[in-house]
Amino acid sequence: MSIRIFTTLLFILCTQAIFAQKNYSTTSAQVRFIAQDDSDIDALNKAAVCRLQSNGDLSFIMLIKDFKFEMADMQKHFNEEYMESDQFPRAFFNGKITNFNTVNFSKDGKYPVNVSGVMQVHGVKKAMETTGIIEIKGGVPKASAQFVVRLKDFKIGGILIKFVADEMNIDVVAAF
Numbered sequence: 001m002s003i004r005i006f007t008t009l010l011f012i013l014c015t016q017a018i019f020a021q022k023n024y025s026t027t028s029a030q031v032r033f034i035a036q037d038d039s040d041i042d043a044l045n046k047a048a049v050c051r052l053q054s055n056g057d058l059s060f061i062m063l064i065k066d067f068k069f070e071m072a073d074m075q076k077h078f079n080e081e082y083m084e085s086d087q088f089p090r091a092f093f094n095g096k097i098t099n100f101n102t103v104n105f106s107k108d109g110k111y112p113v114n115v116s117g118v119m120q121v122h123g124v125k126k127a128m129e130t131t132g133i134i135e136i137k138g139g140v141p142k143a144s145a146q147f148v149v150r151l152k153d154f155k156i157g158g159i160l161i162k163f164v165a166d167e168m169n170i171d172v173v174a175a176f
């Protein structure tokens, strides 16, 4: 009889642990980059796919051509000259929130997080680390981060590169 009770309790506890874990995803994460130099460049991609898993794994994928610019000429140069979007159509990030256990998904608040992973842009993979915030409202997370990317780290060039800043400020927001 005690084995049956123990087995039942173990089943209930395991089931609750499984249901307590939740994965989050969105197809409308926003990635914005800003470069300020001779010509200011500001572009926004509102169609990035982001997945946050219950173990802290974090991934992003986006189409380069989904970046929108105010000026059509900038968008054309960006896709053809700099990013070579036909050859390298996507950018990726796969990583982990290294202090994921500090985020309390059942309590509203802003939780600072550390993110570590590999970003692939323009066919080049690069390890990176940054900080971010996970904000919880009503049990629903919203992740955000800001970081800097150096163009030469990803072999981004083109004949007009001398008119563009060496670094891009990147803002990422994923509301799940």
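Numbering of the sequence shown is given in our numbering, commencing with residue 1 and proceeding in unit increments. Just so it is clear, CB atoms sit at the ideal spot from N, CA and C, and this is done for glycine as well.
Taking a contact to mean a Cβ-Cβ separation below 8 Å, would you say I133 touches S144 in this structure?
yes
Starting from the Cα of I170, find the closest Cα among I136, F88, Q36, E81 and give me that residue.
Q36
Member of V124, K68, V113 whose CA lies at the smallest distance from the CA of D57:
V113
Express the C-alpha separation of T27 and Q53 in angstroms, rounding to a whole number.
15 Å
Anticipated Cβ contact below 8 Å, N94 with V118, distance rounded:
6 Å
Look at the alpha carbon of E167 and the alpha carbon of I41, and state the distance between them as a whole number of angstroms.
11 Å
Out of G139, D73, D153, which one is the CA nearest neighbour of V111?
The sequence shown places Tyr at residue 111, not Val. Checked all of G139, D73, D153; the closest Cα to Y111 is G139.
How many Å lie between A43 and N104 at the Cα?
33 Å
For the alpha helix (DSSP H) containing D73, list its first residue and its last residue.
72-77
Given a threshold of 16 other Cβ atoms within 10 Å of its Cβ, counted over all protein chains shown, does M62 qualify as buried or as exposed?
buried
Could you tell me the alpha carbon to alpha carbon distance between Q30 and K46, rounded to whole angstroms?
4 Å
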